[in-house]
Every structure is written in C-alpha cells, then in structure tokens.
Amino acid sequence: MPGYLAAFDLPVIHLRLDPVFRTVIPSKLFEFMAMSKSVLMAVEGEAAGIVEQAGCGICIASGDASEMANAIMAQTDRRHELRRMGAAGRRVVETSYSRPVKARLVLESLEAARGTRPAAAWDKSVKTADATPSRNAA
75 MPGYLAAFDL
85 PVIHLRLDPV
95 FRTVIPSKLF
105 EFMAMSKSVL
115 MAVEGEAAGI
125 VEQAGCGICI
135 ASGDASEMAN
145 AIMAQTDRRH
155 ELRRMGAAGR
165 RVVETSYSRP
175 VKARLVLESL
185 EAARGTRPAA
195 AWDKSVKTAD
205 ATPSRNAA
C-alpha cells in the first residue's frame, strides 16, 4: 500500500457531509502527513482543523464536486507548494502525533492523576524514535 500512496501528487480525503463525520479523523490523513504528502481535504470538523492548523493541505467543502475539480486543477502547477505543505504535515506528525509523543502524554496524564511522578521518569530528550522508559533513574 505505501507504494500506491507514494505515487499520489495530491491525495484526496473525502467524507460526505454528515454531522456524524465532524468528529471523525480519517486514518489516511496521518499516513499521508507522515509520507510528506499534502492533502486535499473534503471533510469538515476536526480533520479539517488538523489540516488547516498544520498547513499541510487544502480544505474544501464536502460534496462540492466543482470546488474539488477546481482545487485539483489549481495545484497542477504548484509542485513546490505541494512539497512545502507535505513537509509541514510531516513535521506535525513527528512533533504531535507520533507514538512516543502520544505515549508520553498518556504517561504524564497518569502521573498527574496519581499525584506523583515515578523515579523512572521518561527521558524528555527523546523526540520521536524511542519510546522506552529511561533506565538511568536511581
């Protein structure tokens, strides 16, 4: 599947206009962002908010075929901009949505709920690659 996704110039993520989809975040969004792909997002709600905040794609109204066609055509000569948006998405995935980042947030939430921090705290210097607890704690 990654080979197919890598071939996309501008992946389209579309969900029909329905209130139930306002809180849905399609998993493909994070796959495309991790692959440095800009996206054309025809989804409203939280997913569109992620794209807008990250600056990693273009958001259009769900269900508007002419707006989608216009958005695709407008990007045909903007490869540099597509690469810039794709790189922005990759940065956001690495800093906000990677497994180590999310694991650290869960651990910190549990520690806060417990009211103490354990002696073997997570190594805060680890950015993205390692999500193992520090073994240097006393």
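For the sequence shown, my numbering begins at 75 and goes up steadily by one.
By construction, the Cβ of each residue, glycine as well, lies at the ideal position given by its N, Cα and C atoms.
A quick note: this is a predicted structure, and the numbers were derived from the prediction, not measured.
{"Query": "Three CB pairs or more closer than 8 Å across the region 166 to 177 and the region 148 to 157", "Result": "no"}
{"Query": "Rounded straight-line distance, which links the Cα of A121 to that of A80", "Result": "21 Å"}
{"Query": "Distance, V166 Cα to E118 Cα", "Result": "19 Å"}
{"Query": "Burial state of A143, where buried means 16 or more other Cβ atoms lie within 10 Å", "Result": "exposed"}
{"Query": "Which of helix, strand or coil DSSP assigns to L179", "Result": "helix"}
{"Query": "Run of the alpha helix (DSSP H) containing G77, from where it starts to where it stops", "Result": "76 to 80"}
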